[in-house]
Amino acid sequence: MDIIRLIILALALAVAIFLCWTFSRFLMKYQFWKMLANTLMASLIYLSFRLFVHWGGIGLGDRAGKWVQSLGVFLAVFLLLKAVEGVVFIYLVDERVRSKIPNLLRGMIRWLLAVTLLFIILHINLKVDLTPLIATSAALTFVVGMAMQDVLGNLFAGLALNIEKPFSLGDWVMINQKTGLVMDMSWRATRIKTFSDNYVIIPNSEISKDEIINYSHPTTIHARELKVGVSYTTPPNKVKELIALAMNETPEIMKKPEPRIWLVEYGDFAIIYRMKFWIDGYSHLFAIEDSLMSRLWYIFQRNDIQIPFPIRDVRIRQEAPSLQEGEIFERLKNLPLFDSVPEREIRILSVGLKPMLFARGEILVRQGDPGNSLFVIEKGRISVSIRDRKGRQVPVIHMEQGMFFGDFSLLTGSPRRATITADTDTVVFEIEKERFAPILEKNARIAEKLSKNLEEHQRQDLEALERSGAKAAFEGETLSSNKILQNIKNFFGLKKK
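Take the sequence shown: its position 227, counting from 1, is numbered 251 in the working numbering, and each next residue is one higher.
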């Protein structure tokens, strides 16, 4: 019967321990109880054990009983200490004050009190003579100090770092020539996550001896510098102008402080320019630099600027086949806008047109900017958007190969009516006023037909605005064909003819 009772009590003890563990997991959701969870679980397991011993009629003996009793006293007092700490630091102390007290310091004080409590219990309850321990403490301290000098070095370095706070969790830092995001800091080491998603654990003693660069405090704004080499045949002022354009068109680069450009070196194969710009936030560093350098390549390509390679590097290059003038002629001839223009004039217009390559995300024209040219999409896809009264860009329509935009600017000189952004890498041809003017000078009556085509295109634009729900954001003037014709004549000076 006693055996059966003990088995039942043992099962009850196992169930009690499981319930204690489940209860402690539930308490982890609350900050105060989370501090007490482990100690509270140990205390509940202790109580379950005492009940098991009591109901099972198990004799522990005087010495074992005192040890068990001492353990209970230790758990009760330690639980009380943690409860007081929780009440003080969670409910009574202000957040700003609490953040200035390092967790490591709190932990050291907590365990120092625990060790002191343990010694008191050993001396009072178990009658353990502490004199030999005290007498040998100096020698013991020396031995332990020699054996654990690295551990103690990390401990005190961690304590100093917690007090001084050169960085906090979530900061981007460079420590020991390793750059990463601070993920965790313990009494022994600090863990950072690099750009390669590798976790690097650096002992606190090394951090205290090394230089620390914090990219997040006291400010997240930092300057970056990049270099680019350009052919000797391009004037420096033109290069600087285009580099400035690329930096201005990169949205992540701050406008203030203003980016700077210097010519720094006449290299063996290129003139070297240094770019300095400011960014807000270190985590997107590589993406911002990639965006700028990619944008530079496209701008240089459109302006026939070469980024040279070393002449000792022997390469056999096959030029990409360019679009033939006959193909360009066919593309222009099929545009509805030019259906009234004689084919011979379109053929002349197509001579010498060069493709212009824009990167995905690059703005081809911006609403409100002055313009006097038309663009024909040869390859790729663009999106058209207009700015509403609150300054937000409202999408209107997408355009693809064979379509055109900018006809109002070409024929009337009006500012750009919308913002055009490349959805993919896009190739366009630009027809400027200077190219188109001779056609109207030879035959002014073409202007009348063009005005009707513009009126029709204007109607199609309004329908696109209606379909996209962006019509309310459109603030442009709707013109009749007669008014458009008058604007064309004024722009090209046809009145004098």
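Just so it is clear, CB atoms sit at the ideal spot from N, CA and C, and this is done for glycine as well.
- Residues THR436, GLY437 of the same chain have their beta carbon placed closer than 6 Å to that of PHE515, with the five preceding and five following residues left out of the count.
- Going by DSSP, LEU205 is part of the beta strand (DSSP E) stretching over 202 to 209.
- With contacts defined as CB atoms closer than 8 Å, VAL389 and THR448 fail to qualify as a contacting pair.
- Taking all protein chains in view, the Cβ of ILE225 is surrounded by fewer than 16 other Cβ atoms within 10 Å, so the residue is classified as exposed.
- Assigned with DSSP and collapsed to three states, THR63 falls in helix.
- The residues LYS251, GLY253, VAL288, GLU289, in chain order, have a CB closer than 7 Å to that of ILE296 in the same chain once the five nearest residues on each side in sequence are set aside.
- If you draw a straight line from the Cα of ARG440 to the Cα of VAL408, it comes to about 11 Å.
- Residue environment: PHE310 is assigned as exposed (fewer than 16 neighbouring CB atoms within 10 Å of its CB, all protein chains considered).
- Setting aside the 5 residues that flank it on each side, SER397 is surrounded in the same chain by GLY430, SER433, LEU434, GLU454, ILE455, GLU456, LYS457, each with a C-beta closer than 8 Å to its C-beta; the list follows chain order.
- Comparing alpha carbon positions, the residue from ALA88, PHE113, TYR70, LYS90 closest to LEU99 is TYR70.
- Here THR274 is buried, its C-beta having at least 16 other C-beta atoms within 10 Å.
- Between PRO283 and MET271, the beta carbon gap of about 4 Å places them in contact (Cβ cut-off 8 Å).
- Here the alpha carbons of ALA461 and ARG491 stand approximately 35 Å from one another.
- Following the DSSP letters along the chain, one finds LEU361 in no alpha helix (DSSP H), marked with neither H nor E.
- Listed in chain order, the non-local C-beta contacts of ILE236 below 8 Å within the same chain comprise PRO190, PHE191, VAL197, MET198, ILE199, local neighbours out to five positions each way being set aside.
- Close CB contacts of GLU424 within its chain, under the 6 Å cut and outside five residues either way in sequence, are with ARG405 (chain order).
- Each residue's CA atom was taken as its position, placing ILE144 and PHE102 some 13 Å apart.
- At the C-beta level, ALA494 and ILE410 come within 8 Å of one another.
- Residue THR257 holds the alpha-carbon nearest to the alpha-carbon of ALA294 among THR257, ASP304, MET427.
- According to DSSP, PRO227 shares a beta bridge with ALA213.
- Contact annotation: VAL452 and GLU402 have beta-carbon atoms nearer than 8 Å.
- Cβ atoms of GLU265 and ARG298 stay farther apart than 8 Å, at about 16 Å.
- By the criterion of a C-beta distance shorter than 6 Å, PRO332 is surrounded in its chain by SER255, PHE293, ALA294, once the five residues flanking it on both sides are discounted.
- By the Cβ test, the region 459 to 477 is not in contact with the region 412 to 424, since fewer than three Cβ pairs between them sit closer than 8 Å.
- For GLU313, the uninterrupted alpha helix (DSSP H) run begins and ends at 309 to 326, by DSSP.
- Counting along the chain, ARG384 sits inside no alpha helix (DSSP H), nor does DSSP assign it H or E at all.
- At least 8 Å separates the beta-carbon of LEU486 from that of ILE512.
- CA-to-CA, the gap between VAL375 and HIS241 works out to about 58 Å.
- Closest in C-alpha terms to GLY385, from the list TYR322, ALA61, ALA38, GLY517, comes TYR322.
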